[in-house]
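Below: the structure, in structure tokens.
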Amino acid sequence: MNFNQLLDAVRDKSDALSIAPEWAQGRAVFGGLMAALVYERMRVMITDGRPVRSLAISFVGPAAPDVPIRFEVEVLREGKAVSTLLGRAVQNGQVVTLVQGNFGAGRASVVDVPAAPAIAMKPLEESAPELPYIKGVTPEFMRHLALRWAIGGLPFSGNASRQMGGWVRLRDVPPEQINEAHLLALVDAWPPSVLPLLKQPAAGSTLTWTIEFIQPTPELSTLDWCRYHVETEHARDGYGHAAASLWTAQGQLLALSRQTVTVFA
């Protein structure tokens, strides 16, 4: 199933959803997809259309492909403007992904601070060629997402820059209005920001992830290219801390992201 078909499946049925190995990231299912599926199940519980403002995601353990996953959602509080929900993905009786979400209606405010300008990067046509999906080399889920590097280096290239980024979009989905589930996949498609610092392959993965969405989401197709930029702020003792942003091609801010990553090197 493509990305949209998996979203449809989790909305219709929260039990016994198995994810094919083509969505794998090493031994686990692609984290961006897992977060998107839990979020999509949470969104079903919001009946008044309150948009999501932030998600706090913990990847408790690897979700194995081809093994049924159950998606559970608990409403922690529903206030006049803000709803707080807790979502879980459970496999073999163990929580593998945990998401706390805050959904909030807009309100009149005298505070109006525009987003900082998007970081400058090479135009799409001048960026590196689209990273190909190569079986056994790139993660399996990369067949579903397209990346073009414009800042920093590729993983394991020994590039000393703190910064990494470029252009990203979905593959093999029909064009439709993009939503927050799609944005989760676009942000997490990029490898941990510490990996370009390494000169040889090593394992790395996201431990915790917080992401904030700018509302309302701009008019944008699922097949449009977006700009991504991440900066490693600190790394030591096998853990890295990074801040990232996602914009439209025209420079409209879509999401702000922070990740704590583990690296085994």
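Just so we're aligned: 165 in the UniProt record's numbering is position 165 of the sequence shown, and the numbers increase by one with no gaps anywhere. Cβ coordinates follow ideal geometry from the N, Cα and C atoms, glycine included.
Closest residue to residue i among the options (Cα-Cα distance)
{"i": "residue 199", "options": "265, 135, 232 and 67", "result": "265"}
{"i": "residue 213", "options": "255, 162, 108 and 232", "result": "255"}
{"i": "residue 187", "options": "176, 90, 36 and 76", "result": "36"}
{"i": "residue 130", "options": "249, 177, 169 and 159", "result": "169"}
{"i": "residue 32", "options": "241, 3, 11 and 12", "result": "3"}
{"i": "residue 268", "options": "155, 221 and 228", "result": "A query on residue 268 cannot be resolved here, the shown segment of the chain reaching from 1 to 265 and no further."}
{"i": "residue 24", "options": "138, 222 and 216", "result": "138"}
{"i": "residue 134", "options": "16, 49, 163 and 22", "result": "22"}
{"i": "residue 48", "options": "9, 162 and 105", "result": "105"}
{"i": "residue 189", "options": "127, 257 and 250", "result": "257"}
{"i": "residue 266", "options": "191, 215 and 248", "result": "Because the chain spans 1 through 265 in this model, residue 266 falls outside it and cannot be assessed."}
{"i": "residue 203", "options": "6, 7, 28 and 5", "result": "28"}
{"i": "residue 259", "options": "243, 249 and 39", "result": "243"}
{"i": "residue 132", "options": "34, 149 and 6", "result": "149"}
Assigned exposure category for residue i - 16 Cβ within 10 Å defines buried
{"i": "residue 79", "result": "exposed"}
{"i": "residue 92", "result": "exposed"}
{"i": "residue 178", "result": "buried"}
{"i": "residue 101", "result": "buried"}
{"i": "residue 26", "result": "exposed"}
{"i": "residue 174", "result": "exposed"}
{"i": "residue 99", "result": "buried"}
{"i": "residue 1", "result": "exposed"}
{"i": "residue 183", "result": "buried"}
{"i": "residue 326", "result": "Since the first residue of the chain shown is 1 and the last is 265, residue 326 is not available in this structure."}
{"i": "residue 87", "result": "buried"}
Cα-Cα separation between residue i and residue j, rounded to whole angstroms
{"i": "residue 123", "j": "residue 226", "result": "11 Å"}
{"i": "residue 245", "j": "residue 83", "result": "25 Å"}
{"i": "residue 53", "j": "residue 197", "result": "32 Å"}
{"i": "residue 158", "j": "residue 114", "result": "36 Å"}
{"i": "residue 51", "j": "residue 219", "result": "15 Å"}
{"i": "residue 20", "j": "residue 65", "result": "6 Å"}
{"i": "residue 160", "j": "residue 85", "result": "40 Å"}
{"i": "residue 144", "j": "residue 234", "result": "30 Å"}
{"i": "residue 12", "j": "residue 147", "result": "30 Å"}
{"i": "residue 118", "j": "residue 194", "result": "22 Å"}
{"i": "residue 221", "j": "residue 75", "result": "31 Å"}
{"i": "residue 163", "j": "residue 152", "result": "6 Å"}
{"i": "residue 9", "j": "residue 16", "result": "10 Å"}
{"i": "residue 236", "j": "residue 46", "result": "40 Å"}
{"i": "residue 111", "j": "residue 252", "result": "19 Å"}
Expected contact under 8 Å - CB spacing of residue i and residue j to nearest Å
{"i": "residue 96", "j": "residue 72", "result": "With 8 Å as the limit, residue 96 and residue 72 do not qualify as a contact, their Cβ atoms being about 12 Å apart."}
{"i": "residue 328", "j": "residue 30", "result": "The chain is shown from 1 up to 265; residue 328 falls before or after that span and cannot be answered."}
{"i": "residue 217", "j": "residue 180", "result": "7 Å"}
{"i": "residue 239", "j": "residue 166", "result": "Not confirmed; about 24 Å, so no contact."}
Short CB-CB distance (under 8 Å) between residue i and chain D
{"i": "residue 65", "result": "Note that chain D does not occur in the displayed structure, where there is just one protein chain."}
Fill in: the region 48–64 contacting the region 203–223, beta-carbon criterion three pairs below 8 Å
Segments in contact, yes.
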